[in-house]
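Asks: According to full-length UniProt numbering, the sequence shown is numbered sequentially starting from 1.
The beta carbon of each residue, even a glycine, is placed where N, CA and C say it ideally should be.
One structure coming up, written as structure tokens, with questions to follow.
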Amino acid sequence: MSIAELTIADTAPSDGMDAVRAWVDDIAALTRPDEIVWCDGSLGEADRLTKQLVAEGKLIRLNPEWRPNSFLARTDPGDVARVEDRTFICSEDEADAGPTNNWREPAAMRAELRDVFAGSMRGRTMYVVPFSMGPVGGPISQVGIQLTDSAYVAVSLGMMTRVTETVLDLIAAGQEWVPTVHSVGFPLVDADGTRHDDVAWPCSTTKYIVQFPETREVWSYGSGYGGNAILAKKCFALRIASVMARDEGWLAEHMLIVKVTSPEGRVFHFAAAFPSACGKTNLAMLQPSIPGWTVETIGDDIAWLRQGPDGRLRAINPEAGFFGVAPGTGETTNRTAVETLWGNTIFTNVALRDDGDVWWEGLTDEPPAHLIDWEGKDWTPGSGRPAAHPNSRFTVSAAQCPSIADDWDAFDGVPIDAILFGGRRATNVPLVAQARDWRHGVFIGATISSERTAAAEGTVGELRRDPFAMLPFCGYNMADHWAHWLEMGERLGEHAPAVFQVNWFRTGDDGRFLWPGFSENARVIEWIARRVEGSAGSVSTPIGQLPVVEELDLDGLDLPEEDVAALFEVDPQSWLAECDLTDEFFARFGTRVPAALRAELASLRYHLRA
Ligand code: GTP
Ligand code: MN
Ligand code: MN
């Protein structure tokens, strides 16, 4: 169906836009903006807004010779990341939020928000931004509207999602939509009419990131930082969408999506869940080190997956841009990302070079002799502090990525052949293992964790659990999420994708990474593809199927034999110790842990002791 066919606002029996107008009026009456601007997502609009932000001192235009149409934003030093302790899931029943979310009673939170938002946009413009997550009108896509008093957020949303008036036509025709409200919480006019000067990065020390899962609403106050303020992303596409997915039988996950093509031309699609800062953007843009294989990008952070008419699991990237971590992104680690950022990019909290371009740790081996750091202060290599904030980010359109796949915005998504789970594990977890079946795969997803340091022999270090890499993003009880995955497996039956566990971060006794990682991860991708097509063998172990080492392509890597052995070592004693930790972790969720996962844990122990 074309977009034109979907534009049937005039013939709709009841106009869904009445509800939108009433909502916009209601929020305006509460927050009192000077002016309301409806956004259309056009290039002209982005140009107007960025010029205005530059004139107001809120963006710095980079030297167009090096970085055309690109900008630097410097946040308030207290507004540099997501604020998990101020993120709330307001379900009717506290148990539905689960032990890993902050819960507040919805009616009480609503009253609190009404107070906080009262007059919060005085003196500012409120932008009304209609957006689609996924191709406009697509069968896996959803639409929403964000109200925001930040032009920086309106522009960023235009890069990260599909902002278009067609969304309003869909809503007029009756499509469900998710309302999201955002204020930086820095009014320019007091209730008594006193006017204040604006600042470069308006925000508030009081912050609220609030999700109402039952009514599918988001309210965000006090922050301008991406994850807190671009509400389409983590708040909608993960927290709210995960609840929609639970209720409607699909999945909203913290996953990258890639298209992999073998030397014979066979195409595979993989989705992979790794916790934040564990390499999703890197793997999504992988440049394979082995000849004949190509990896192309579909998404780097979020996947929505739904069973298609043919019974297979199909996935879309609901986003239209990348909001990636800058530090560590360089020619040797992620050249594709560096090339993506040639222009039309908003950088946040990176360092400014004297020639008007940007720099961050890891972009080049040697830092420039002088920079202005992310806080606007002079910086030299001897300053003893990073020039870019460790969580500094780039915002750029996905279409600009040189490795973007031709099917990245396929209307009904791509069929998923394999799902990968990974964390940062210094011990225990091998480079790659295949789950025996879907149920075992769900157990692996539920027990994803990272550890800071290698442990003494026969033990494991302190594990930070991040089940399905969704700990900060699941809008409902994490244990119910596991049950939902098990149910999806029942529904998918023989069409269920194969599931794998990967770990790029295992260390030797001396603390160094055993695996070179980055573009060499293509060797693991190759093995996974060969397993999917049924042409590679495996060795059974209690924790899953490991590669037959001779079948893993290690040519030209120069890895010592003992390192290869260490990468795949399964030590029963330390795995049993890990099982005890998994028991403790499951105990947090009480009786909501699915029996099938308890059975997986029992079976793992049994086989480790055998
Ligand atoms: P969010 O965008 O926050 O969800 O995180 P992400 O999963 O996209 O993380 P990202 O790709 O930005 O993580 C990057 C970090 O992982 C950097 O410190 C990289 O150097 C490191 N990294 C990525 N891939 C590898 C790898 O194969 N080996 C090693 N050793 N480090 C890696
Ligand atoms: Mn993420
Ligand atoms: Mn990322």
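Determine the extent of the beta strand (DSSP E) in which Ser538 is found, giving its start and end residues.
Replies: Here residue 538 corresponds to residue number 538 of the sequence shown, with the count starting at 1. Where Ser538 is concerned, the enclosing beta strand (DSSP E) stretches over 538-541.
Asks: Please report how far the alpha carbon of Ala595 lies from the alpha carbon of Leu305, in whole angstroms.
Replies: Looking up residue 595 in the sequence shown gives position 595. Looking up residue 305 in the sequence shown gives position 305. When rounded, the distance between both Cα atoms is 25 angstroms.
Asks: Shorter than 6 angstroms, the distance from the beta carbon of Cys278 to the closest heavy atom of ligand 1, or not?
Replies: Residue mapping note: residue 278 aligns to position 278 of the sequence shown, counting from 1. Because some heavy atom of ligand 1 lies under 6 angstroms away, the Cβ of Cys278 counts as near it: yes.
Asks: Going by DSSP, what residue range makes up the alpha helix (DSSP H) through Trp438?
Replies: Residue 438 sits at position 438 when you count from the first residue of the sequence shown. Looking at the DSSP string, the run of the alpha helix (DSSP H) that includes Trp438 is 438-446.
Asks: Any heavy atom of ligand 3 closer than 6 angstroms to the CB of Asp466?
Replies: In the sequence shown, the residue the question calls residue 466 occupies position 466. The answer is no for Asp466.
Asks: Any idea what DSSP makes of Ala9, helix, strand or coil?
Replies: The residue you call residue 9 lines up with position 9 of the sequence shown. For Ala9, the predicted structure reports a pLDDT of 44, less than 50, and the residue's modelled location is therefore unreliable. The matter cannot be settled from this model.
Asks: Among Ala284, Trp38, Val189, Thr194, which residue has its Cα nearest to the Cα of Ser403?
Replies: As a working note, residue 403 is residue 403 in the sequence shown. Here the closest residue by C-alpha is Ala284.
Asks: For Phe500, report the span of its beta strand (DSSP E) as first-last.
Replies: Along the sequence shown, one-based indexing puts residue 500 at 500. Start and end: 498-502.
Asks: Hey, how far is the Cα of Ala200 from the Cα of Ile36?
Replies: Sequence index remark: in the sequence shown, residue 200 carries index 200 (1-based). Sequence index remark: in the sequence shown, residue 36 carries index 36 (1-based). Answer to the nearest angstrom: the Cα atoms are 21 angstroms apart.
Asks: Quick one: what does DSSP say His182 is sitting in, helix, strand or coil?
Replies: Within the sequence shown, numbered from 1, the residue matching residue 182 stands at position 182. Three-state result, His182: strand.
Asks: Would you mind stating whether Thr261 and Phe518 have Cβ atoms separated by less than 7 angstroms?
Replies: Here residue 261 corresponds to residue number 261 of the sequence shown, with the count starting at 1. Here residue 518 corresponds to residue number 518 of the sequence shown, with the count starting at 1. No, the Cβ-Cβ distance between Thr261 and Phe518 is not below 7 angstroms.
Asks: Leaving out the 5 sequence neighbours to the left and right, which residues in its chain are closer than 7 angstroms to Thr548 when beta-carbon positions are compared?
Replies: The residue you call residue 548 lines up with position 548 of the sequence shown. Residue 548 is actually Val in this sequence, not Thr. Correct list, in chain order: Gly537, Ser538, Val539.
Asks: Taking 7 angstroms as the cut-off, decide whether the C-beta atoms of Ala303 and Met244 are in contact.
Replies: Within the sequence shown, numbered from 1, the residue matching residue 303 stands at position 303. Within the sequence shown, numbered from 1, the residue matching residue 244 stands at position 244. No, Cβ-Cβ distance for Ala303 and Met244 is not below 7 angstroms.
Asks: Relative to ligand 1, is the shortest distance from any of its heavy atoms to the C-beta of Trp504 smaller than 6 angstroms?
Replies: In the sequence shown, residue 504 corresponds to position 504, counting from 1. Because some heavy atom of ligand 1 lies under 6 angstroms away, the Cβ of Trp504 counts as near it: yes.
Asks: Indicate whether Ile372 and Gln211 have their beta-carbon atoms separated by less than 7 angstroms.
Replies: On the sequence shown, position 372 is the one that residue 372 refers to. On the sequence shown, position 211 is the one that residue 211 refers to. Cβ atoms of Ile372 and Gln211: not closer than 7 angstroms.
Asks: Where Gly489 and Ser141 are concerned, what is the direct C-alpha to C-alpha distance, given to the nearest angstrom?
Replies: For the purposes of this step, residue 489 is taken as residue 489 along the sequence shown, with counting starting at 1. For the purposes of this step, residue 141 is taken as residue 141 along the sequence shown, with counting starting at 1. Computed Cα separation, rounded: 22 angstroms.
Asks: Along the beta strand (DSSP E) that carries Glu584, what are the first and last residues, could you check?
Replies: On the sequence shown, residue 584 is found 584 positions in, with the first residue counted as 1. Premise fails: Glu584 lies in the alpha helix (DSSP H), 572-587, not in any beta strand (DSSP E).
Asks: Between Thr7 and the rest of its own chain, which residues show a CB-CB distance below 7 angstroms, the 5 nearest in sequence each way excluded?
Replies: As a position in the sequence shown, residue 7 is number 7, starting the count at 1. Reliability fails at Thr7, whose pLDDT of 45 lies under 50, so the model's placement of it is uncertain and no value is given.
Asks: When we look at the beta-carbon of Leu72 and count the other beta-carbons within 10 Å, is it buried (16 or more) or exposed?
Replies: Locating residue 72 in the sequence shown gives position 72, where the first residue counts as 1. Per the 10 Å Cβ criterion, buried.
Asks: Throw me the rounded Cβ distance for the Val414 and Ile230 pair, which I believe falls under 8 angstroms.
Replies: Numbered from its first residue, the sequence shown carries residue 414 at position 414. Numbered from its first residue, the sequence shown carries residue 230 at position 230. In fact, because the Cβ distance is near 24 angstroms, the residues do not count as touching under 8 angstroms.
Asks: Taking contact to mean at least 3 C-beta pairs separated by less than 8 angstroms, is the segment 410-428 in contact with the segment 495-502?
Replies: In short, these stretches touch, since the Cβ pair count reaches three.
Asks: Rounded to the nearest angstrom, what separates Gln146 and Ser535 at their Cα positions?
Replies: Working through the sequence shown from its first residue, we reach residue 146 at position 146. Working through the sequence shown from its first residue, we reach residue 535 at position 535. Going by the C-alpha atoms only, they are around 48 angstroms apart.
Asks: So for Leu608, helix, strand or coil by DSSP?
Replies: Position 608 of the sequence shown holds residue 608. Reduced to three states, the DSSP call for Leu608 is helix.
Asks: Return the first residue and the last residue of the alpha helix (DSSP H) that Lys234 is part of.
Replies: In the sequence shown, residue 234 corresponds to position 234, counting from 1. From DSSP, Lys234 is part of no alpha helix (DSSP H); its letter is neither H nor E.
Asks: Cutting at 6 angstroms between CB atoms, please list the residues of its own chain near Pro318, excluding the five before and the five after it.
Replies: For the purposes of this step, residue 318 is taken as the residue at position 318 of the sequence shown. Here the set comprises Met133, Gly134, Ala237, Ile302, Trp304.
Asks: Return the bridge partner residues of Met133 from the DSSP annotation.
Replies: Working through the sequence shown from its first residue, we reach residue 133 at position 133. For Met133, which the question treats as bridged, DSSP gives the partners Gln142.
Asks: Step through the CB atoms of chain C and report whether any lies within less than 7 angstroms of the CB of Ser403.
Replies: Among the chains in the structure shown there is no chain C, since it carries only a single protein chain.
Asks: Should Ser223 go down as buried or exposed, given a rule of 16 or more other Cβ atoms within 10 Å for buried?
Replies: Locating residue 223 in the sequence shown gives position 223, where the first residue counts as 1. Looking at its Cβ environment, which holds 16 or more other Cβ atoms inside 10 Å, Ser223 is buried.
Asks: Rounded to a whole number of angstroms, what is the C-alpha to C-alpha distance between Gly308 and Asp409?
Replies: Along the sequence shown, one-based indexing puts residue 308 at 308. Along the sequence shown, one-based indexing puts residue 409 at 409. Looking at the two C-alpha atoms, the distance is approximately 16 angstroms.
Asks: Measuring CA to CA, which of Glu451, Asp466, Gly493 is closest to Asp310?
Replies: To locate residue 310, count along the sequence shown from 1; it is residue 310. Ranking Glu451, Asp466, Gly493 by Cα distance to Asp310 puts Gly493 first.
Asks: Could you give the distance in angstroms between the alpha-carbon of Arg216 and the alpha-carbon of Cys474?
Replies: In the sequence shown, residue 216 corresponds to position 216, counting from 1. In the sequence shown, residue 474 corresponds to position 474, counting from 1. For Arg216 and Cys474, the distance between alpha carbons rounds to 13 angstroms.
Asks: Got a sec: does ligand 1 put a non-hydrogen atom nearer than 6 angstroms to the Cβ of Thr31?
Replies: Numbered from 1 along the sequence shown, position 31 holds the residue referred to as residue 31. Thr31 Cβ: outside cutoff for every heavy atom of ligand 1.
Asks: Does the segment 355-362 come into contact with the segment 80-87, if we say contact requires no fewer than three beta-carbon pairs (one atom in each stretch) closer than 8 angstroms?
Replies: Counting Cβ pairs under 8 angstroms, fewer than three are found: no touch.
Asks: Need the endpoints of the beta strand (DSSP E) that Ala303 sits in, please.
Replies: Numbered from 1 along the sequence shown, position 303 holds the residue referred to as residue 303. Where Ala303 is concerned, the enclosing beta strand (DSSP E) stretches over 303-307.
Asks: Run the proximity test for Val325: is its beta-carbon closer than 6 angstroms to any non-hydrogen atom belonging to ligand 1?
Replies: Taking the first residue of the sequence shown as position 1, residue 325 is located at position 325. Yes, the Cβ of Val325 comes within 6 angstroms of a heavy atom of ligand 1.
Asks: At a cut-off of 6 angstroms, is Thr281 close to ligand 3 when judged by its beta-carbon and the heavy atoms of the ligand?
Replies: Here residue 281 is taken as the residue at index 281 of the sequence shown, counted from 1. It does: the Cβ of Thr281 is within 6 angstroms (strictly closer) of some heavy atom of ligand 3.
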